[in-house]
Each structure stands twice: as structure tokens, then as C-alpha cells.
Amino acid sequence: MDRLVLSDAAWKRMAPLIIGRPDQKGSTGRDNRMFV
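Its first residue numbered 850, the sequence shown is counted upward by one per residue in the working numbering.
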């Protein structure tokens, strides 16, 4: 696995913690995973 690639398991744990989720007010990015 490439060390610069975020695994699906890591993203699944991280996704609820980031800002800019679709369920929050304000603007969101198209794919928040790309910003991590």
C-alpha cells in the first residue's frame, strides 16, 4: 500500500470527525477525502 493513500478503513474512522460534511451548514467540498 502506498503511504500517501488513505485506506478505506482509516477514512471510515475519520469521516465523522471532519468539518464540511453534507449534514452541516455552510459550504462543503465535493470530496472531503481529497483534502485530508
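Note that CB positions come from ideal geometry on N, CA and C, so glycine has one too.
Should VAL885 and LEU866 be called a contact, given that it needs their Cβ atoms to be closer than 8 Å?
No.
DSSP state of LEU866, grouped into three classes?
Helix, per DSSP.
For LYS861, which of helix, strand or coil comes out of DSSP?
Secondary structure of LYS861 (DSSP, three-state): helix.
According to DSSP, simplified to helix, strand and coil, what is ARG882?
helix
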